[in-house]
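>
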Amino acid sequence: MSDNKETEVTDATAQAAPEQADAAREREPRRGGRERNPNRDRNSRDRSESQFLERVVTINRVSKVVKGGRRFSFTALVVVGDGNGVVGVGYGKAREVPLAISKGVEEAKRNFFRVPRSASTIPHPVQGEA
Numbered sequence: 072m073s074d075n076k077e078t079e080v081t082d083a084t085a086q087a088a089p090e091q092a093d094a095a096r097e098r099e100p101r102r103g104g105r106e107r108n109p110n111r112d113r114n115s116r117d118r119s120e121s122q123f124l125e126r127v128v129t130i131n132r133v134s135k136v137v138k139g140g141r142r143f144s145f146t147a148l149v150v151v152g153d154g155n156g157v158v159g160v161g162y163g164k165a166r167e168v169p170l171a172i173s174k175g176v177e178e179a180k181r182n183f184f185r186v187p188r189s190a191s192t193i194p195h196p197v198q199g200e201a
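Number 106 in my numbering belongs to position 35 of the sequence shown; there are no gaps in the numbering.
#1: If we ignore side chains and look at the alpha-carbon of each, how far apart do Glu167 and Val150 end up?
#2: Looking at the structure shown, is Ser144 part of a helix, part of a strand, or coil, going by DSSP?
#3: List the DSSP bridge partners of Phe184.
#4: In whole angstroms, give me the CA-to-CA distance for Ala190 and Glu125.
#5: Out of Asp153, Ala147 and Gly139, state which residue places its alpha-carbon closest to the alpha-carbon of Ala165.
#6: Helix, strand or coil for Ala165 per DSSP?
#7: The ligand HEM heavy atoms versus the CB of Arg126: any closer than 8 Å?
#8: Alpha carbon to alpha carbon, how far is Gly140 from Ala209? Give it in angstroms, no decimals.
#9: Using the DSSP secondary-structure output, state which residues sit across from Ser189 in a beta bridge.
#10: In chain order, what residues of the same chain have a beta carbon less than 6 Å from the beta carbon of Val158, not counting five sequence neighbours either side?
#11: Gly175: buried (16+ other C-beta within 10 angstroms of its C-beta) or exposed?
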């Protein structure tokens, strides 16, 4: 008689397993699917369509002495402009170089100023001896 009960239990679980599998397929896609980062395409498009020229002037490695040794960080001086007299300067700081550069670019885009130009040159006084 105990053999009958065991057989019935296995039959019941065998029938429930396909129903659970069907329910799992109907749900939302699981983590790690194709839609992992939907904003990735938007960010790459913004970078490629940027109307400003970006130049890294200098990158400096800064070290801080702590109990366990030295902790390094980086600073980046970045200049951003449109090529027609509008210029911005930014100074970014981060633990890694690419982050420091991107922070410098963002700061430079917030700090634009106009540079006077006359026929593609910057007018300035000239001193000299004759």
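Just so it is clear, CB atoms sit at the ideal spot from N, CA and C, and this is done for glycine as well. Nothing here was measured: the structure is a model prediction, and the numbers come from that model.
This is what the structure holds:
#1: Indexing the sequence shown from 1 puts residue 167 at position 96. Indexing the sequence shown from 1 puts residue 150 at position 79. The straight-line gap from Cα to Cα measures roughly 19 Å.
#2: On the sequence shown, position 73 is the one that residue 144 refers to. The answer is strand: DSSP assigns Ser144 an E or B state.
#3: Counted from its first residue, the sequence shown places residue 184 at position 113. Note: Phe184 sits in a beta bridge opposite Val158.
#4: As a first step, residue 190 must be located in the sequence shown, where it is residue number 119. As a first step, residue 125 must be located in the sequence shown, where it is residue number 54. Each residue's alpha carbon lies about 22 Å from the other.
#5: As a first step, residue 165 must be located in the sequence shown, where it is residue number 94. Per the Cα distances, Ala147.
#6: What you label residue 165 is simply residue 94 of the sequence shown in a count that begins at 1. Of the three classes helix, strand and coil, the one that applies to Ala165 here is strand, per DSSP.
#7: As presented, the structure is devoid of all ligands, the ligand HEM included, so that no description of it is given.
#8: The requested residue 209 is not part of the displayed model; the chain covers only 72 to 201.
#9: Numbered from 1 along the sequence shown, position 118 holds the residue referred to as residue 189. Paired residue(s): Thr192.
#10: Taking the first residue of the sequence shown as position 1, residue 158 is located at position 87. Closer than 6 Å at Cβ, skipping near neighbours: Gly152 and Val186.
#11: Against the sequence shown, residue 175 aligns to sequence position 104. With 16 or more Cβ atoms within 10 Å of its Cβ, Gly175 is classed as buried.
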